[in-house]
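In our numbering, the protein residues as written are 18 to 325. Glycine included, C-beta positions come from ideal geometry on N, C-alpha and C. Just below is one structure, and these are the notes that go with it.
Next up, the structure:
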């Protein structure tokens with residue numbers, strides 16, 4: 018844990034805000050929460066619900082952790098034990114895929130993104146499960162929206178509800194998020210990998226939940242052990258990416274370069290930057306195009322982190 022600086026709260030975000038403007042980083046909102054301190058925030062535009070893109074994956078990972086705590090599933094169980102075989106049967110290798118492989122993106126499924134023809138498919142999960150794997154599950158990492166969609170489907174199979182609806186009384190409502198919009202597939206599944214829409218202030222509550230190891234206002238919404246496992250040393254998978262901020266992936270989250278730091282990460286600059294050593298979390302929403310999102314993170318490490 019680092020010693021706190023004496024920078025007054027109104028000035029904490031100022032160097033970061035200046036760099037955001039000078040470098041045209043497209044940031045729309047900043048929310049800084051520190052344990053035992055009042056929130057410090059700044060908005061560059063009005064607060065409206067925005068697509069969080071792949072931060073949705075982190076919320077899906079939280080759902081799996083809650084479901085495991087309720088005895089509905091286990092991270093080490095086989096996907097084929099939870100999902101019905103598609104017409105024509107499972108593709109080669111699916112009998113070896115565990116739920117862990119879905120959340121860590123190590124299933125080796127060849128369906129990685131959601132192309133237009135896949136988005137319109139009447140049974141997208143069946144399409145994924147009927148396709149042969151390209152390797153042995155767990156042997157390599159490859160970014161996969163399809164794997165996270167399957168995790169959402171497992172929740173639905175075990176609960177009889179869409180993942181979004183199942184999470185309402187368990188996660189969203191306790192956080193004061195009363196009507197979150199989350200895109201669905203043609204057959205009604207929560208996308209899981211993308212499509213969750215929240216205001217930045219609502220997203221910041223999820224950031225606080227991560228920092229507080231699943232606890233919210235005295236209630237343990239997500240097991241602390243699950244939050245720890247999401248970014249534990251034994252969980253990280255090497256991605257092979259040359260960008261240092263993208264070199265390690267856990268259970269729906271990424272490893273950051275500062276010691277102990279980890280994050281939820283969505284396209285165009287959406288971040289929940291969890292800083293355990295500083296007992297802080299920074300929520301960032303953005304619309305950044307043409308520049309890597311890592312530039313926003315580097316701005317945070319250089320302009321804000323030394324002040325915490």
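Query - Rounded Cβ spacing between residue 73 and residue 192 (contact assumed at less than 8 Å) - result: That pair is no contact at about 15 Å.
Requested in this report: Would you tell me roughly how many angstroms separate the C-alpha atoms of residue 227 and residue 299, rounded to the nearest one?
Outcome: When only Cα atoms are considered, residue 227 and residue 299 end up about 11 Å apart.
Requested in this report: Out of 252, 251, 266, point me to the one whose CA is closest to residue 258's CA.
Outcome: Distances from the CA of residue 258 to each of 252, 251, 266 were compared; the closest alpha carbon is that of 266.
Query raised in the report: Helix or strand or just coil, what does DSSP make of residue 118?
Result: Residue state, collapsed to three classes: helix.
Requested in this report: Please classify residue 25: does DSSP put it in a helix, a strand, or coil?
Outcome: Annotated three-state conformation of residue 25 is coil, per DSSP.
Query raised in the report: Roughly how far, in whole angstroms, is the beta-carbon of residue 208 from the beta-carbon of residue 144, given that I think they are within contact range, below 8 Å?
Result: Incorrect: roughly 15 Å between the Cβ atoms, too far for contact.
Query - Selection from 142, 37, 195, 245 that minimises the alpha carbon distance to residue 172 - result: In terms of CA proximity to residue 172, 142 leads the group 142, 37, 195, 245.
Requested in this report: State the Cα-Cα distance for the pair residue 284 and residue 25, rounded to the nearest angstrom.
Outcome: The straight-line gap from Cα to Cα measures roughly 32 Å.
Query raised in the report: So residue 219 and residue 194 are in contact, right, with Cβ under 8 Å, and what is the actual spacing, rounded?
Result: Sure, about 5 Å apart at Cβ, within 8 Å.
Query - CB contact flag (residue 103, residue 47, <8 Å) - result: One thing to note: residue 103 has its Cβ no nearer than 8 Å to the Cβ of residue 47.
Query raised in the report: Can you name the residues that DSSP bridges to residue 214?
Result: According to DSSP, residue pairing for residue 214 in a beta bridge involves 68, 198.
Query raised in the report: Using DSSP with H/G/I as helix, E/B as strand and the rest coil, what is residue 60?
Result: In this structure, residue 60 counts as strand in the three-state DSSP scheme.
Query - Boundaries of the alpha helix (DSSP H) in which residue 318 is found, first to last residue - result: It spans 311-320 - the alpha helix (DSSP H) in which residue 318 sits, taken as one unbroken run.
Report task. Would you kindly work out how many angstroms separate the C-alpha atoms of residue 301 and residue 313, rounded to a whole number? Result -> Roughly 9 Å separates the two Cα atoms.
**Report entry** Inter-stretch contact (C-beta, 8 Å, three-pair minimum) for the segment 53-63 and the segment 231-250
**Finding:** By the C-beta criterion, the segment 53-63 is judged not to be in contact with the segment 231-250, since fewer than 3 inter-stretch pairs fall below 8 Å.
Query raised in the report: Any idea what DSSP makes of residue 183, helix, strand or coil?
Result: Secondary structure of residue 183 (DSSP, three-state): helix.
Query raised in the report: Three-state secondary structure (DSSP) at residue 30?
Result: In the structure shown, residue 30 sits in coil (DSSP, three-state: anything other than H, G, I, E or B).
Query raised in the report: Quick one: what's residue 237 bridged to in DSSP?
Result: Here residue 237 is bridged, per DSSP, to 232.
Query raised in the report: Pick from 189, 154, 274, 307: whose alpha carbon is nearest that of residue 317?
Result: The shortest C-alpha separation from residue 317 is found at 274.
Query raised in the report: With a CB to CB cut of under 8 Å and the five nearest residues on each side skipped, what residues in its chain are close to residue 54?
Result: Residues of the same chain with a CB within less than 8 Å of the CB of residue 54, apart from the 5 flanking positions on each side, are 26 in chain order.
Query raised in the report: Quick one: what does DSSP say residue 107 is sitting in, helix, strand or coil?
Result: Looking at residue 107 - three-state DSSP - the assignment turns out to be coil, as it is neither helix nor strand.
Query - Backbone CA spacing between residue 270 and residue 39 [nearest angstrom] - result: Each residue's CA atom was taken as its position, placing residue 270 and residue 39 some 29 Å apart.
Report task. Please list, in chain order, all residues of the same chain as residue 156 whose beta carbon is under 8 Å from its beta carbon, the five residues on each side excluded. Result -> Here the set comprises 123, 125.
Query raised in the report: Are residue 105 and residue 149 touching if we call contact CB-CB under 8 Å?
Result: Between residue 105 and residue 149, the C-beta gap is not smaller than 8 Å, which leaves the two residues out of contact.
Query - Spatial neighbours of residue 86 in its chain, beta-carbon cut-off 6 Å, leaving aside the 5 residues before and after - result: When the five nearest sequence neighbours on each side are left out, the beta carbons in the same chain lying within less than 6 Å of the beta carbon of residue 86 are those of 240, in order along the chain.
Query raised in the report: Quick one: what's got a C-beta closer than 6 Å to residue 272's C-beta in the same chain, skipping five residues either side?
Result: Excluding positions up to five away in sequence, the list reads 253, 265, 279.
**Report entry** Whole-angstrom C-beta distance between residue 321 and residue 30, which should lie under 8 Å
**Finding:** Going by Cβ atoms, the distance from residue 30 to residue 321 rounds to 7 Å, so yes, they are a contact pair.
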